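Numbering (our numbering), first residue to last: 162 to 501.
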């Protein structure tokens, strides 16, 4: 696959996004308007600039990842626009900012190589932890945390961005920074961490000075996420740490230990935290509390059944009946209108 094919696929993804917006408009009784052109320009600028950056500064990089990201982004953006056009207009700026950040990152790595990731690994760790802590900022500040559905994951900037403030989840950026830290640390110390120096509780472990920084970083991150009640991110980050330890060292003890800790931690969280118990029970039987904790899951199941295999058609479903469909349950909205 060549860079020319990559450019063609990125262009196709941009056209897909524009056509999707046009179909949503048609379902609403309109046809071609400025939103179609704005969408195409946004995607063309974002992914076109990234394509040029890859071509110039990272020619050996995979040609598949960028088109896949473009197509998935197009699909998600169209559905978000269909549910909440105002949120989609803000997301256009997010695409452009992310594209610009990606271009700058490729330029920096072109000049310095991955050595910069090793040199500033602890800066990435500190930045990641700092972003995880941002939602704890108190109310009343221009930039403050927001509690949504019992979890304090969002940060809101009270600024004149259209008719609504700018809200985002800093934890999504933190995951990338923490991954960079882990990759840099393990790339340097993989051999040392694969070497057994002592046995603890029947497990053969490396020197604490090699394993310690990873455990401390992981525990700090888990602690913040658990305090914020972000159970999904906690589990994802834990799985990431375990997987990277296994890939770096090739030792199955990390996989086995991780599985044991997940089971034990899950059982403990279920017994100790009421919100965990509520979510698990709502997942197991959403219809037991249809109007309460299970309402979102139940509406999502209704949406899946309504769309069936072929879908109801873009713009013809009822994703507005699903709470937080645009931000928390977009899969159900996509499946209802585009099919399973």
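Cβ coordinates follow ideal geometry from the N, Cα and C atoms, glycine included. Being a predicted model, the structure only gives us computed values, none of them experimental.
Under the assumption that residue 456 contacts residue 480 (Cβ atoms under 8 Å), give the Cβ distance between them as a whole number of angstroms.
No, residue 456 and residue 480 are not in contact; Cβ-Cβ is about 14 Å, not under 8 Å.
If the criterion is Cβ atoms closer than 8 Å, does the pair residue 375 and residue 343 meet it?
Taking C-beta atoms as the reference points, residue 375 and residue 343 count as a pair closer than 8 Å.
Range covered by the alpha helix (DSSP H) that runs through residue 291:
Membership of residue 291 in the alpha helix (DSSP H) is indicated by the continuous run 282-294.
Do the stretch 211-221 and the stretch 185-199 make contact, defined as three or more Cβ pairs closer than 8 Å?
Segments in contact, no.
By Cβ distance, which residues of its chain are closer than 8 Å to residue 286, with the 5 residues on each side in sequence left out?
Residues of the same chain with a CB within less than 8 Å of the CB of residue 286, apart from the 5 flanking positions on each side, are 338, 339, 342 and 378 in chain order.
Should residue 446 be labelled buried (16 or more other beta-carbon atoms within 10 Å of its own) or exposed?
Classification of residue 446: exposed, given that the 10 Å Cβ count is below 16.
Is residue 404 near the ligand SAH, with its Cβ less than 7 Å from a heavy atom?
Absent from the structure shown: the ligand SAH. Ligands present: none.
At which residues does the alpha helix (DSSP H) containing residue 171 begin and terminate?
Taken as a continuous stretch (DSSP letters only), the alpha helix (DSSP H) holding residue 171 covers 164-188.
Counting only the same chain and skipping the five closest in sequence on each side, list residues whose C-beta sits under 8 Å from that of residue 196.
So the list reads 182, 186, 242 and 246, once near-sequence residues are dropped.
Mind checking whether residue 328 and residue 391 have CB atoms under 8 Å apart?
Cβ distance not < 8 Å, so residue 328 and residue 391 don't count as in contact.
Under DSSP, the alpha helix (DSSP H) around residue 468 begins and ends at which residues?
Here the alpha helix (DSSP H) through residue 468 covers 456-468.
Residues in its own chain within less than 7 Å of residue 278 by CB, not counting five upstream and five downstream?
In its chain, beyond the 5 residues on either side, 341 and 345 have a beta carbon closer than 7 Å to the beta carbon of residue 278.
If we count the other Cβ atoms within 10 Å of its Cβ and call it buried at 16 or more, is residue 315 buried or exposed?
Under this definition residue 315 is a buried residue.
When 435, 180, 349 and 208 are compared against residue 255, the one with the closest alpha-carbon
Closest option to residue 255, judged by alpha-carbon separation, among 435, 180, 349 and 208: 208.
Who are the Cβ neighbours of residue 501 in its own chain at under 6 Å, not counting the five residues just before and after it?
Excluding positions up to five away in sequence, the list reads 470.
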